[in-house]
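Worksheet: the structure to be examined is printed underneath.
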Amino acid sequence: MAILKLGNRTLTVAVDLLGAELASIRTPDGAEWLWQGDPQVWMGRAPILFPVVGRSPDETVSIGGRKFPMGNHGFARGSSFSVVEAETETLRLRMVDSAETRKSYPFAFVLDIVFALDGGTLVNR
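When we follow numbering that gives the first Met the number 0, the leftmost residue of the sequence shown carries the number 0, and every step to the right adds one.
In C-alpha coordinates, the structure reads:
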(Lines of atoms letter the chains of each structure in order from A; the text may use other names.)
(Lines give C-alpha, C1' and ligand atoms only; values in the text may rest on other atoms or scores of the structure.)
Protein backbone atom coordinates (compact mmCIF):
# COMPACT_ATOMS: atom_id res chain seq x y z
CA MET A 0 0.00 0.00 0.00
CA ALA A 1 1.52 3.30 -1.12
CA ILE A 2 0.02 6.42 0.42
CA LEU A 3 0.61 9.93 -0.96
CA LYS A 4 -0.24 13.10 0.97
CA LEU A 5 -1.47 16.57 0.09
CA GLY A 6 -1.50 19.36 2.59
CA ASN A 7 -1.94 23.00 3.39
CA ARG A 8 -2.60 24.95 6.59
CA THR A 9 -6.22 23.79 6.63
CA LEU A 10 -6.24 20.14 5.50
CA THR A 11 -4.01 17.10 5.22
CA VAL A 12 -5.26 14.47 2.78
CA ALA A 13 -3.89 10.96 2.23
CA VAL A 14 -4.60 8.98 -0.94
CA ASP A 15 -3.84 5.30 -1.52
CA LEU A 16 -2.41 4.42 -4.95
CA LEU A 17 -4.40 1.19 -4.77
CA GLY A 18 -7.73 2.27 -6.18
CA ALA A 19 -6.88 6.00 -5.97
CA GLU A 20 -8.89 5.88 -2.75
CA LEU A 21 -8.95 8.62 -0.18
CA ALA A 22 -7.43 7.24 3.02
CA SER A 23 -7.66 10.26 5.33
CA ILE A 24 -8.84 13.85 5.57
CA ARG A 25 -7.54 15.65 8.66
CA THR A 26 -7.79 19.16 10.01
CA PRO A 27 -4.96 20.80 12.00
CA ASP A 28 -6.64 19.88 15.29
CA GLY A 29 -6.13 16.20 14.40
CA ALA A 30 -9.79 15.48 13.67
CA GLU A 31 -10.31 12.76 11.07
CA TRP A 32 -13.16 13.58 8.68
CA LEU A 33 -13.19 10.38 6.62
CA TRP A 34 -14.64 7.02 7.61
CA GLN A 35 -11.69 4.82 8.54
CA GLY A 36 -13.24 1.44 7.84
CA ASP A 37 -14.48 -1.20 10.24
CA PRO A 38 -14.29 -4.90 9.37
CA GLN A 39 -17.59 -5.45 11.18
CA VAL A 40 -19.35 -2.92 8.91
CA TRP A 41 -17.36 -2.01 5.78
CA MET A 42 -13.60 -1.69 5.27
CA GLY A 43 -13.75 0.75 2.36
CA ARG A 44 -13.36 4.48 2.73
CA ALA A 45 -14.07 6.36 -0.50
CA PRO A 46 -13.56 3.97 -3.42
CA ILE A 47 -13.48 4.99 -7.08
CA LEU A 48 -16.22 3.00 -8.80
CA PHE A 49 -15.41 2.31 -12.46
CA PRO A 50 -16.61 1.20 -14.98
CA VAL A 51 -19.82 0.31 -13.18
CA VAL A 52 -21.52 1.32 -9.97
CA GLY A 53 -23.36 -1.41 -8.14
CA ARG A 54 -23.70 -5.13 -8.58
CA SER A 55 -23.98 -6.61 -12.06
CA PRO A 56 -26.47 -9.47 -12.48
CA ASP A 57 -24.58 -12.78 -12.19
CA GLU A 58 -21.40 -10.66 -11.92
CA THR A 59 -21.39 -10.13 -15.68
CA VAL A 60 -22.10 -7.26 -18.07
CA SER A 61 -23.35 -7.61 -21.61
CA ILE A 62 -21.56 -5.48 -24.20
CA GLY A 63 -22.42 -5.85 -27.87
CA GLY A 64 -24.09 -9.17 -27.19
CA ARG A 65 -21.01 -10.59 -25.43
CA LYS A 66 -20.81 -11.28 -21.71
CA PHE A 67 -17.88 -10.07 -19.62
CA PRO A 68 -17.14 -10.74 -15.93
CA MET A 69 -17.66 -7.68 -13.77
CA GLY A 70 -17.31 -7.62 -9.99
CA ASN A 71 -19.18 -5.27 -7.68
CA HIS A 72 -18.50 -1.63 -8.55
CA GLY A 73 -16.09 -2.55 -11.34
CA PHE A 74 -12.35 -2.97 -11.07
CA ALA A 75 -10.79 0.47 -10.45
CA ARG A 76 -11.03 0.21 -6.66
CA GLY A 77 -8.70 -2.80 -6.69
CA SER A 78 -6.32 -1.51 -9.36
CA SER A 79 -3.00 0.25 -9.03
CA PHE A 80 -2.87 3.84 -10.24
CA SER A 81 0.24 5.64 -11.42
CA VAL A 82 1.24 9.15 -10.37
CA VAL A 83 0.98 11.70 -13.19
CA GLU A 84 1.35 14.82 -11.05
CA ALA A 85 2.19 15.22 -7.36
CA GLU A 86 2.44 18.69 -5.88
CA THR A 87 1.84 20.03 -2.39
CA GLU A 88 -1.87 20.66 -3.00
CA THR A 89 -2.62 18.64 -6.17
CA LEU A 90 -2.42 14.96 -7.02
CA ARG A 91 -3.30 13.43 -10.41
CA LEU A 92 -3.46 9.63 -10.60
CA ARG A 93 -4.01 7.53 -13.70
CA MET A 94 -5.16 4.08 -14.67
CA VAL A 95 -5.07 2.95 -18.30
CA ASP A 96 -6.59 -0.05 -19.96
CA SER A 97 -4.57 -3.24 -20.13
CA ALA A 98 -4.95 -6.83 -21.24
CA GLU A 99 -6.32 -7.55 -17.76
CA THR A 100 -8.97 -4.78 -17.78
CA ARG A 101 -10.07 -5.73 -21.30
CA LYS A 102 -11.14 -9.13 -19.99
CA SER A 103 -13.97 -7.30 -18.19
CA TYR A 104 -14.26 -4.07 -20.17
CA PRO A 105 -13.24 -4.35 -23.85
CA PHE A 106 -12.52 -0.67 -24.41
CA ALA A 107 -9.46 1.54 -24.43
CA PHE A 108 -9.60 4.12 -21.64
CA VAL A 109 -7.59 6.52 -19.53
CA LEU A 110 -9.03 7.19 -16.08
CA ASP A 111 -7.54 10.24 -14.38
CA ILE A 112 -8.45 11.08 -10.80
CA VAL A 113 -7.43 14.50 -9.52
CA PHE A 114 -7.48 15.54 -5.88
CA ALA A 115 -6.78 19.20 -5.18
CA LEU A 116 -6.90 21.39 -2.11
CA ASP A 117 -8.50 24.81 -2.36
CA GLY A 118 -8.11 26.30 1.10
CA GLY A 119 -10.33 24.23 3.38
CA THR A 120 -11.98 22.38 0.48
CA LEU A 121 -10.94 19.09 -1.12
CA VAL A 122 -11.85 19.16 -4.80
CA ASN A 123 -12.09 15.94 -6.81
CA ARG A 124 -11.99 16.50 -10.57
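Quick reminder that beta carbons are idealized off the backbone N, C-alpha and C, glycines included.
No experiment lies behind these values; they were computed from the predicted model shown.
{"Query": "Residues that DSSP places opposite residue 115 in a beta bridge", "Result": "89, 122"}
{"Query": "Per DSSP, the bridge partner or partners of residue 131", "Result": "The requested residue 131 does not occur in the structure, where the chain is confined to residues 0 to 124."}
{"Query": "Within 8 angstroms, strictly: CB atoms of residue 83 and residue 95", "Result": "no"}
{"Query": "Any 3 or more C-beta pairs closer than 8 angstroms across the region 22 to 40 and the region 89 to 105", "Result": "no"}
{"Query": "Nearest candidate by alpha-carbon position, reference residue 81, set 67, 116, 68, 112", "Result": "112"}
{"Query": "Helix, strand or coil at residue 68 [DSSP, three-state]", "Result": "strand"}
{"Query": "Close-in-space but distant-in-sequence residues of the same chain around residue 70 (CB under 7 angstroms, 5 per side omitted)", "Result": "58"}
{"Query": "DSSP beta-bridge partners of residue 100", "Result": "Answer is none; residue 100 lacks a bridge partner."}
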